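Q: Numbering-wise, the sequence shown is residues 242 to 759 according to the working numbering. Ideal placement from N, C-alpha and C gives every residue a C-beta, glycine not left out. Since the structure is predicted, the reported quantities are computational estimates derived from the model, not experimental observations. Sharing a structure with you now.
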Amino acid sequence: MIPKSVIVGLYSKASLAALIATATFAAQASAGQIRVLGRPVQSVPDANPVIISDTIVSPGFALDLQEQGQDLLENPSGVIARFGYLSDAITRTEPDENTYLILGHNPGGPTTDYDYGRHFLFQGHENGDDLAYITRINLDVSNPDHRVTLLTPPGADGLTHFNSIDGSSWDPFSQTLLFTQEKGNVGGVIEMSADFDPSTGSGAGLRTLYGSMGQGGYEGIHPDDQGNILIIEDVGGALFGFAKNPNSFVYRFIPTNPADLTRGKLQALQVTIHGQPVVFVATGDTLSENQLRLHTPGTTFPVQWVTVHDTAVDGTDPFDANALAKAADATPFKRPENAQFQPGTRFHTFYFDITGDTDANAGNDPELAARGAWGGIFRVDLDPSRQTGRIGIIVLGDADHSSFDNLAFTGSSVLLAAEDRGDTLHDQLNKLDSIWAYDVKFPDSPPRFVALGQDRMAIDEDNEPTGLHFSNGDSSIDGILGRRVPRPEEGRLFFTQQHGENNLFEVVTQRPDKQTGE
242 MIPKSVIVGL YSKASLAALI ATATFAAQAS AGQIRVLGRP VQSVPDANPV IISDTIVSPG
302 FALDLQEQGQ DLLENPSGVI ARFGYLSDAI TRTEPDENTY LILGHNPGGP TTDYDYGRHF
362 LFQGHENGDD LAYITRINLD VSNPDHRVTL LTPPGADGLT HFNSIDGSSW DPFSQTLLFT
422 QEKGNVGGVI EMSADFDPST GSGAGLRTLY GSMGQGGYEG IHPDDQGNIL IIEDVGGALF
482 GFAKNPNSFV YRFIPTNPAD LTRGKLQALQ VTIHGQPVVF VATGDTLSEN QLRLHTPGTT
542 FPVQWVTVHD TAVDGTDPFD ANALAKAADA TPFKRPENAQ FQPGTRFHTF YFDITGDTDA
602 NAGNDPELAA RGAWGGIFRV DLDPSRQTGR IGIIVLGDAD HSSFDNLAFT GSSVLLAAED
662 RGDTLHDQLN KLDSIWAYDV KFPDSPPRFV ALGQDRMAID EDNEPTGLHF SNGDSSIDGI
722 LGRRVPRPEE GRLFFTQQHG ENNLFEVVTQ RPDKQTGE
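In structure tokens:
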């Protein structure tokens with residue numbers, strides 16, 4: 242349980258009295274008082290054990306299958322032929338983070354004069370070997386011949402030259418989709434229009450942004466209302482015993498012109514403790530005092546953004562963002578994976594999570610657990626300039642709430658957090674992944690919204706809930722995620738059960754006469 246002191250560190254003195262007055266109520270709040278899609282969330286009692294099993298969702302909700310991994314693409318090219326598998330029907334492509342978008346026009350596709358609709362779900366695929374790709378699900382289309390469109394066909398050599406595509410987002414300032422490649426110092430950001438270019442067979446304007454945003458193991462990517470881009474890096478550090486060294490950074494890209502992402506400044510978050518920046522330490526950081534302080538609930542510390550690269554000074558050649566962040570004395574974290582701006586805070590508050598060590602041998606060591614071995618969720622509050630602020634951890638993970646990955650706000654304070662424990666931790670604890678519903682004002686005792694199951698194709702690797710995404714699809718600047726408090730009747734909630742059948746679901750509210758689960 243997160244102690245009440247965590248609230249003291251993250252909220253102003255002006256609101257402290259009110260928070261204390263309601264603390265007893267909050268402590269007694271039932272899981273049903275957290276609402277998703279307008280309905281109360283009743284906690285699923287337990288995670289599924291590591292066996293073939295159905296996914297269980299909170300009573301009152303159901304999973305609507307939107308796409309199956311074996312579904313054929315409209316425009317297969319080379320070995321890229323299916324939504325979740327290569328043409329051999331064996332090699333999984335791992336569709337990852339989803340972006341829901343409503344367009345005011347038909348974006349076109351490989352079939353001339355065909356109406357592909359106005360509602361779309363975009364995702365990158367996390368496979369490697371230079372064969373990762375991007376797809377668009379045409380949600381208004383029921384005809385399987387035109388349901389899923391490939392947007393990155395391989396070149397003459399049979400390769401896309403993309404790898405481990407993970408995060409995705411829509412930038413209304415540049416009018417482009419952004420996709421991240423979680424591939425260390427050869428990863429980076431891919432950009433394309435939502436429109437199809439028949440002359441290339443790909444998304445219009447397809448290109449990479451390695452010279453402005455750098456190359457790194459990028460995952461989460463999110464624009465703000467000024468056109469700045471929040472980027473989260475997930476790069477595992479060196480292993481010391483059972484714990485991994487903090488080795489990943491939280492970045493912000495400030496474009497010179499929000500409509501053109503090829504030039505600007507890349508910055509990284511720097512935390513200061515006792516007047517000194519918390520910096521990368523090659524050895525010994527897994528048990529350092531600063532890591533203990535940083536992961537102690539109830540504490541907050543100053544932060545600022547430090548510039549690691551500026552195209553006006555450093556040019557536009559590709560660069561290693563992680564190496565430059567270390568050189569700039571930015572603060573590394575234990576595998577941060579994703580982030581979300583809190584709705585209604587004018588983009589002054591964002592949350593990001595860390596996956597931690599995904600190993601019970603680390604988590605069961607109290608010293609390592611206190612330093613984020615089980616993962617956690619941080620809150621960052623920026624001042625009006627958005628250049629400085631404070632950071633505090635609101636959730637320190639434990640064996641039951643662990644290894645956080647995708648995040649999605651479904652209300653002003655309701656944050657869904659999906660786990661990615663991995664096979665090792667699954668087997669150690671005999672627990673599959675869950676999706677939790679946190680009230681970030683009172684983050685203790687969240688209800689389990691989804692207990693993920695295990696499908697029959699998840700043989701080499703257990704299933705993972707990824708692509709967690711809630712949006713009303715608004716493609717305008719006013720529709721940027723985080724600008725407005727989501728309205729449950731307008732938004733749609735998606736996630737993908739990755740690694741096995743690679744099936745993609747929409748979470749919907751359920752009629753009383755139906756049962757939960759798949």
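When the distance is taken between beta carbons, is L565 closer than 8 Å to H589?
A: Not closer than 8 Å, so no.
Q: Expressed to the nearest angstrom, what Euclidean distance is found between the alpha-carbon atoms of A659 and G616?
A: Cα-Cα distance, rounded: 12 Å.
Q: What do you reckon, are the CB atoms on Q738 and P688 nearer than 8 Å?
A: Result no, Cβ atoms of Q738 and P688 do not sit closer than 8 Å.
Q: What would DSSP say about N602, mapped onto helix, strand or coil?
A: DSSP places N602 in helix when its eight states are reduced to three.
Q: At the level of alpha carbons, what is the spacing between T265 and I462?
A: With a pLDDT of only 36 at T265, under the threshold of 50, the placement of this residue in the model should not be trusted; the figure read from the coordinates follows. The alpha-carbon atoms of T265 and I462 are separated by roughly 37 Å.
Q: Helix, strand or coil: which one does DSSP assign to I718?
A: Three-state result, I718: helix.
Q: Specify, as a first and last residue, the run of the alpha helix (DSSP H) that E608 falls within.
A: E608 -> alpha helix (DSSP H) spans 607-610.
Q: Which word fits P762, buried or exposed, when buried means at least 16 other C-beta atoms lie within 10 angstroms of its C-beta?
A: Because the chain in this structure spans residues 242 to 759, residue 762 falls outside the shown range and cannot be described.
Q: Tell me whether the segment 541-549 and the segment 623-641 touch, counting them as touching only if at least three CB pairs, one residue from each stretch, are closer than 8 Å.
A: They touch, by the three-pair rule.
Q: Cutting at 6 Å between CB atoms, please list the residues of its own chain near G237, excluding the five before and the five after it.
A: Here the chain covers residues 242 to 759 and nothing more, so residue 237 does not appear.
Q: In the segment 672-746, which residue ranges form an unbroken alpha helix (DSSP H) of at least 4 residues, counting only runs that do not cross its ends?
A: Correct list: empty.
Q: What's the C-alpha gap between K506 and E474?
A: The straight-line gap from Cα to Cα measures roughly 17 Å.
Q: By the DSSP assignment, the beta strand (DSSP E) with A330 in it spans what residues?
A: Here A330 belongs to no beta strand (DSSP E), and DSSP marks it neither H nor E.
Q: Rounded to the nearest angstrom, what separates N704 and Q581 at their Cα positions?
A: In a straight line, the C-alpha of N704 is about 24 Å away from that of Q581.
Q: Excluding the five sequence neighbours on either side, which residues of its own chain have a C-beta within less than 7 Å of the C-beta of Y341, listed in chain order?
A: Cβ within range, chain order: L362, H710, S712, G714, R733, F735.
Q: Specify the secondary structure class of L344 as computed by DSSP and reduced to three states.
A: It is coil, neither helix nor strand.
Q: Reducing DSSP to helix, strand and coil, say where V430 ends up.
A: If DSSP states are grouped into helix, strand and coil, V430 belongs with the strands.
Q: Apart from the five residues on each side of it in sequence, which residues of its chain come closer than 8 Å, Cβ to Cβ, to T513?
A: Cβ within range, chain order: V519, F542, P543, V544, Q545.
Q: Comparing C-alpha positions only, which one of R323, G279, M454 sits nearest to D558?
A: With distances taken between Cα atoms, D558 lies closest to M454.
Q: For L667, report the span of its alpha helix (DSSP H) as first-last.
A: Residue 667 is actually His in this sequence, not Leu. Here the alpha helix (DSSP H) through H667 covers 663-670.
Q: Chain B beta carbons: is any one of them nearer than 8 Å to that of D295?
A: Judged by its chain identifiers, the structure shown contains no chain B, having just a single protein chain.
Q: Does the Cβ-Cβ distance between I321 and Y374 come in under 8 Å?
A: Their beta carbons are under 8 Å apart, which means I321 touches Y374 by this criterion.
Q: If you draw a straight line from the alpha carbon of G597 to that of R612, how long is it in whole angstroms?
A: Between G597 and R612, the C-alpha separation is close to 9 Å.
Q: For G365 versus S409, is the C-beta spacing smaller than 8 Å?
A: Yes, these two residues count as a Cβ contact at 8 Å.
Q: In the structure shown, what three-state DSSP assignment does H463 receive?
A: In this structure, H463 counts as strand in the three-state DSSP scheme.
Q: Going by beta carbon distance, what residues of the same chain come within less than 7 Å of A678, once the five residues before and after it are set aside?
A: Here the set comprises I275, V277, V282, V655, L657, P687, P688, F690.
Q: Can you tell me where the beta strand (DSSP E) with Q364 in it begins and where it stops?
A: Start and end: 360-366.
Q: My output table needs one value for V379: the three-state DSSP class, helix, strand or coil.
A: A small fix is needed here, since residue 379 is Asn in this sequence, not Val. The answer is strand: DSSP assigns N379 an E or B state.
Q: Name, in chain order, the residues that DSSP records as bridge partners for I472.
A: I472 is bridged to I462, Y492.
Q: May I ask you to report which of helix, strand or coil DSSP gives G425?
A: In the structure shown, G425 sits in a helix (DSSP, three-state: H, G or I).
Q: Using the three-state DSSP reduction, which class does Q456 fall into: helix, strand or coil?
A: Strand.
Q: By Cβ distance below 8 Å, which residues in the same chain neighbour T524 in space, the five residues on each side in sequence not counted?
A: Contacts found: A479, F481, N486.
Q: Please report how far the alpha carbon of I676 lies from the alpha carbon of N498, in whole angstroms.
A: If I take the Cα positions, the gap works out to 37 Å.
Q: Exposed or buried, E530, counting other C-beta atoms within 10 Å across all chains shown (16 or more means buried)?
A: Its Cβ having fewer than 16 others within 10 Å, E530 is exposed.
Q: Spatial neighbours of N744 within its chain, please: C-beta separation below 8 Å, excluding the five flanking residues on both sides.
A: Excluding positions up to five away in sequence, the list reads L306, E308, Q309, G310, G325, D696, T737, Q738.
Q: For N339, count neighbouring C-beta atoms within 10 Å of its own C-beta (all shown protein chains included) and say buried if the count is 16 or more, exposed if not.
A: Per the 10 Å Cβ criterion, buried.
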